[in-house]
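For reference, the structure discussed in these notes is given below.
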Amino acid sequence: MNNVRPRLTMMTEEQIQEAHNNVLKVLIETGVRVDSPAILQMLEQKLGLKSQDRIIKFPPEVVEDAIKSTPKTIDIYDRRGEYKFKLGEDRLRFGVGVTALFYQNPFDEKLDIFKRKNFQDLVRLGSSLKHYDVVSTVGIIRDVPEEMTDLYGSLEHIANTTKPMVLLVSDENKYPEVIQMFELLHGDLGNKPFIIPYFNPVSPLVMNAGTVDKMKISIERSLPIIFSNYSMAGASTPLTPAGTLTLLMAELLAGLVISQTIKKGAQILLGMLPVYFDMRTMLNFYDPQTILISVACSEMMKHYGIPHASTSGSGSGWGMDLIAADSYWMNTLALLLSSGHLAPFIGDSHGSKSISPTTIVHVHEIIDQALRFQNGFQLDDMNSALDEIHKVGPGKNFLNQPSTMRNYKNGYYVSNVYPHYSMENWQKAGELPAHQVLREKTQDLLASAAAPDDHDEFIGKGEEFIKNHIS
Numbered sequence: 000m001n002n003v004r005p006r007l008t009m010m011t012e013e014q015i016q017e018a019h020n021n022v023l024k025v026l027i028e029t030g031v032r033v034d035s036p037a038i039l040q041m042l043e044q045k046l047g048l049k050s051q052d053r054i055i056k057f058p059p060e061v062v063e064d065a066i067k068s069t070p071k072t073i074d075i076y077d078r079r080g081e082y083k084f085k086l087g088e089d090r091l092r093f094g095v096g097v098t099a100l101f102y103q104n105p106f107d108e109k110l111d112i113f114k115r116k117n118f119q120d121l122v123r124l125g126s127s128l129k130h131y132d133v134v135s136t137v138g139i140i141r142d143v144p145e146e147m148t149d150l151y152g153s154l155e156h157i158a159n160t161t162k163p164m165v166l167l168v169s170d171e172n173k174y175p176e177v178i179q180m181f182e183l184l185h186g187d188l189g190n191k192p193f194i195i196p197y198f199n200p201v202s203p204l205v206m207n208a209g210t211v212d213k214m215k216i217s218i219e220r221s222l223p224i225i226f227s228n229y230s231m232a233g234a235s236t237p238l239t240p241a242g243t244l245t246l247l248m249a250e251l252l253a254g255l256v257i258s259q260t261i262k263k264g265a266q267i268l269l270g271m272l273p274v275y276f277d278m279r280t281m282l283n284f285y286d287p288q289t290i291l292i293s294v295a296c297s298e299m300m301k302h303y304g305i306p307h308a309s310t311s312g313s314g315s316g317w318g319m320d321l322i323a324a325d326s327y328w329m330n331t332l333a334l335l336l337s338s339g340h341l342a343p344f345i346g347d348s349h350g351s352k353s354i355s356p357t358t359i360v361h362v363h364e365i366i367d368q369a370l371r372f373q374n375g376f377q378l379d380d381m382n383s384a385l386d387e388i389h390k391v392g393p394g395k396n397f398l399n400q401p402s403t404m405r406n407y408k409n410g411y412y413v414s415n416v417y418p419h420y421s422m423e424n425w426q427k428a429g430e431l432p433a434h435q436v437l438r439e440k441t442q443d444l445l446a447s448a449a450a451p452d453d454h455d456e457f458i459g460k461g462e463e464f465i466k467n468h469i470s
């Protein structure tokens, strides 16, 4: 099959090596601060290194050994044990979610605090849409006692989907309890893993105790993990793209060294969420340069042979609006055409403070179209249709030709949300604006999204676990 595919590349091999050398220089000359006494002691003992004021410096040979020992691919399963995809050699996969504090309803886009019912509905919505390969933590529940929000959220997470899950736990002290609850509900988590915990260091160059201690808990259970950092260029990283890339890559490789020191061969995805910080408005945002930084990160990971966690292009809009559409299109297409493997956070707005189901539905349409673009087309004798062209000749049509008959149902994009209205049909339908059509479709999808058949069993056992935990 002669498939014609578009590709996006940024750096030459020489530039990749230059970027890598810059990162090695940061790690050996500046180092990183490790705030967990147990992890710092482990690094010193196993690597034969010495720290000073919690700062440890990694020689190039230590970093290179960690790169070599990291698996190049990760097999991901669903909750039922069915194999789903292989991160590291497969195409970019997408997920819904963000640790939102507010919910933007699909009726009038008004904001309200994020509630337990919202968690349930959004997990089911993401589960029902085929282009979302994973369902990530979708919010921070605020209508339960604050100390229980991670437990109730994680329970709704696992009970309302069988898809692979990206897990974020806001309170680092609750992470062991969440894992214990999952083990109670499911059993062993490391065999045919479907849960991918997500962890962040603190920029610049701090391996905070909560992150590295949770990494150890996960790796000891053979769970694959995401280690991803978040920058605000000009605040927590240098303002220049190259400076941001260098500092964030240094943090990622430091996290890689820690993971491989905990357990050689630990499965890990590395990635970054680079954003700018506007000092005039005190807001952070994505722009074309930050997406380029993420593409550059994907190329570095391809060079290392390490699975890459991509940005999702989210958080910039005020809901599902033109601002959000611009960011999502740019990010989705750019990362699909580069070397990304997993973009787990789609649906948020207002700088990730809120999450919108209409955004989840609209971006699903963007992904559908972007995948068609990324897949290219076949250039072969049958698809070139030379015989048909010769047979039809000038001035006639191809309505009854084999290529038309084979492809008229799926040969072009047809939206599941927005009808292909002519002007006249649009007028007959009441001249609805596109955002109203989106809202109504989202309402229908939320109403029809079903729970897994073991939902009630999981909720019952999980609530009993939480009750015992409280007492």
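Each residue of the sequence shown is one higher than the one before, counting from 0 in numbering that gives the first Met the number 0.
The beta carbon of each residue, even a glycine, is placed where N, CA and C say it ideally should be.
Checklist line | Ordered list of alpha helix (DSSP H) runs contained in the region 24 to 88, each at least 4 residues | finding: Counting whole runs of 4 or more residues, the region 24 to 88 contains the alpha helix (DSSP H) stretches 36 to 46, 59 to 68.
Cβ pair count under 8 Å reaching 3, the region 356 to 367 against the region 429 to 439
Look at the beta carbons and you see the region 356 to 367 touching the region 429 to 439: at least three pairs across the two are nearer than 8 Å.
Meets three-Cβ-pair contact criterion under 8 Å: the region 401 to 416 and the region 364 to 373:
Output reads yes: the region 364 to 373 touches the region 401 to 416.
### Task
Could you tell me the distance, in whole angstroms, from the CA atom of Arg279 to the CA atom of Ile140?
Counted from its first residue, the sequence shown places residue 279 at position 280. Counted from its first residue, the sequence shown places residue 140 at position 141. For Arg279 and Ile140, the distance between alpha carbons rounds to 31 Å.
key: Residue from Ala324, His468, Phe113, Phe84 with nearest C-alpha to Ile101   = Taking the first residue of the sequence shown as 1, we reach residue 101 at position 102. The question names Ile, yet the displayed sequence has Phe at residue 101. Nearest of Ala324, His468, Phe113, Phe84 to Phe101, Cα basis: Phe113.
**Item:** Candidates Ile292, Ile261, Arg220: closest to Thr245 by CA position
**Value:** Position 246 of the sequence shown, counted from the first residue, corresponds to residue 245. The option with the nearest alpha carbon to Thr245 is Ile292.
Cut-off 8 Å between Cβ atoms - residues of its own chain near Pro287, not counting five sequence neighbours on either side: Within the sequence shown, numbered from 1, the residue matching residue 287 stands at position 288. Answer for Pro287: Met329, listed in chain order.
_Going by DSSP in three states, Arg220 sits in which element: helix, strand or coil?_
Stepping through the sequence shown from its first residue, residue 220 is reached at position 221. Here Arg220 sits in coil by DSSP.
* To do: Would you grab the beta carbon distance between Ala308 and Gly316 for me? Rounded to a whole angstrom, and I think it's under 8 Å.
  => Within the sequence shown, numbered from 1, the residue matching residue 308 stands at position 309. Within the sequence shown, numbered from 1, the residue matching residue 316 stands at position 317. A Cβ-Cβ distance of about 22 Å is found for the pair Ala308 and Gly316, leaving them out of contact under the 8 Å criterion.
- Specify, as a first and last residue, the run of the alpha helix (DSSP H) that Gly254 falls within. Sequence index remark: in the sequence shown, residue 254 carries index 255 (1-based). Counting along the chain, the alpha helix (DSSP H) containing Gly254 begins and ends at 240 to 261.
request  = Could you name each continuous alpha helix (DSSP H) segment of 4 residues or more that falls completely within the region 337 to 383, going from the start of the chain to the end?
outcome  = For the region 337 to 383, whole alpha helix (DSSP H) runs of length 4 or above, ordered along the chain, are 356 to 374, 380 to 383.
* To do: Counting only the same chain and skipping the five closest in sequence on each side, list residues whose C-beta sits under 8 Å from that of Ile257.
  => In the sequence shown, residue 257 corresponds to position 258, counting from 1. So the qualifying residues of the chain are Val33, Ile38, Leu42, Met206, Val211, Met214.
Return the CA-CA distance between Ile75 and Lys83, expressed in angstroms with no decimal places. Within the sequence shown, the letter at position 76 stands for residue 75. Within the sequence shown, the letter at position 84 stands for residue 83. Ile75 and Lys83: Cα-Cα distance of roughly 6 Å.
Q) Just checking my contact of Pro200 with Gly233 at CB under 8 Å: how many whole Å lie between their CB atoms? A) Stepping through the sequence shown from its first residue, residue 200 is reached at position 201. Stepping through the sequence shown from its first residue, residue 233 is reached at position 234. At roughly 19 Å, the Cβ-Cβ gap does not stay under 8 Å, so Pro200 and Gly233 are not in contact.
Quick check for students: name the residue ranges of the alpha helix (DSSP H) that lie wholly in the region 127 to 210, counting only runs of 4 or more. Listed in chain order, the complete alpha helix (DSSP H) runs (minimum 4 residues) inside the region 127 to 210 are 148 to 158, 174 to 185.
Next on the checklist: Check for me: the alpha helix (DSSP H) holding Tyr327 runs from which residue to which?
Outcome noted: Taking the sequence shown and counting its residues from 1, the one referred to as residue 327 is at position 328. 321 to 335 is the extent of the alpha helix (DSSP H) around Tyr327.
Checklist entry - When burial is assigned at 16 or more other CB atoms within 10 Å of the CB, is Ser421 buried or exposed? => result Reading the sequence shown from its first residue, position 422 is the one you call residue 421. Ser421 comes out exposed.
**Prompt:** Does DSSP classify Ile465 as helix, strand or coil?
**Reply:** For this step, residue 465 is matched to residue 466 along the sequence shown. In this structure, Ile465 counts as helix in the three-state DSSP scheme.
Note to self: Using the three-state DSSP reduction, which class does Ile225 fall into: helix, strand or coil?
What the structure shows: For this step, residue 225 is matched to residue 226 along the sequence shown. In the structure shown, Ile225 sits in a strand (DSSP, three-state: E or B).
>> Quick check on Tyr285: buried or exposed, where buried means 16 or more other Cβ atoms within 10 Å of its Cβ?
In response: Along the sequence shown, one-based indexing puts residue 285 at 286. With 16 or more other Cβ atoms within 10 Å, it is buried.
Candidates His419, His361, His454: which alpha carbon is nearest Phe131's? Position 132 of the sequence shown holds residue 131. Sequence inspection shows Tyr at residue 131; the Phe mentioned does not correspond to that position. With distances taken between CA atoms, Tyr131 lies nearest to His361 out of His419, His361, His454.
| Comparing the C-beta of Val22 with each C-beta of chain B, is any distance below 8 Å? | Included in the structure is just one protein chain, with no chain B present.
Worksheet item: Looking only at C-alpha atoms, which of Glu298, His349, Gly339 sits nearest to Gly314?
Response: Residue mapping note: residue 314 aligns to position 315 of the sequence shown, counting from 1. Considering only Glu298, His349, Gly339, the residue with the shortest C-alpha distance to Gly314 is His349.
In this structure, what does DSSP give as the bridge partners for Met271? Counting from 1 along the sequence shown, the entry for residue 271 is found at position 272. Beta-bridge analysis with DSSP links Met271 to Asn228.
Which residues DSSP lists as bridging Gln442, in chain order:
Position 443 of the sequence shown, counting from 1, holds the residue named residue 442. Note: Gln442 sits in no beta bridge, so no partner.
Item checked: Span of the beta strand (DSSP E), counted from its first residue to its last, around Leu110 -> In the sequence shown, counting from the first residue as 1, residue 110 sits at position 111. 110 to 112 is the extent of the beta strand (DSSP E) around Leu110.
**Endpoints, beta strand (DSSP E) assigned at Tyr303** = Working through the sequence shown from its first residue, we reach residue 303 at position 304. It is not in any beta strand (DSSP E) - Tyr303 instead sits in the alpha helix (DSSP H) that spans 287 to 303.
Counting pairs of beta carbons, one from the region 172 to 179 and one from the region 87 to 98, are three or more of them closer than 8 Å? By the Cβ test, the region 172 to 179 is not in contact with the region 87 to 98, since fewer than three Cβ pairs between them sit closer than 8 Å.
| said: Only counting the same chain, and skipping five residues up and downstream in sequence, which positions put a Cβ closer than 8 Å to that of Ser68? | reply: Here the question's residue 68 lines up with position 69 in the sequence shown. Only Gln259, Lys263, Gly264 meet the Cβ criterion.
Practice prompt. Measuring alpha carbon to alpha carbon, tell me which of Phe276, Asp320, Leu269, Met319 ends up nearest Gly304.
Written response: If you number the sequence shown from 1, residue 304 lands on position 305. Checked all of Phe276, Asp320, Leu269, Met319; the closest Cα to Gly304 is Leu269.
- Message: Quick check: Leu238 and Val22, are their CB atoms within less than 8 Å of each other?
- Response: The residue you call residue 238 lines up with position 239 of the sequence shown. The residue you call residue 22 lines up with position 23 of the sequence shown. No Cβ-Cβ contact shorter than 8 Å links Leu238 with Val22.
Open item on the list: So for Gly94, helix, strand or coil by DSSP?
Closed with: The count along the sequence shown starts at 1 and reaches residue 94 at position 95. If DSSP states are grouped into helix, strand and coil, Gly94 belongs with the strands.
Does the distance from the C-beta atom of Val133 to that of Ser126 stay below 8 Å? Working through the sequence shown from its first residue, we reach residue 133 at position 134. Working through the sequence shown from its first residue, we reach residue 126 at position 127. No, the pair does not count as a contact, with Cβ atoms beyond the cut-off.
| query | Do Lys460 and Leu184 come within 8 Å of each other at the CB atom, strictly closer than that value? | reply | The residue you call residue 184 lines up with position 185 of the sequence shown. The residue you call residue 460 lines up with position 461 of the sequence shown. Cβ atoms of Leu184 and Lys460: closer than 8 Å.
Note to self: Between which two residues does the beta strand (DSSP E) holding Gln103 run?
What the structure shows: Here residue 103 refers to the residue found at position 104 of the sequence shown. Looking at the DSSP string, the run of the beta strand (DSSP E) that includes Gln103 is 101 to 103.
Expressed to the nearest angstrom, what Euclidean distance is found between the alpha-carbon atoms of Gly242 and Leu378?
-> Here residue 242 refers to the residue found at position 243 when the sequence shown is read from its first residue. Here residue 378 refers to the residue found at position 379 when the sequence shown is read from its first residue. For Gly242 and Leu378, the distance between alpha carbons rounds to 42 Å.
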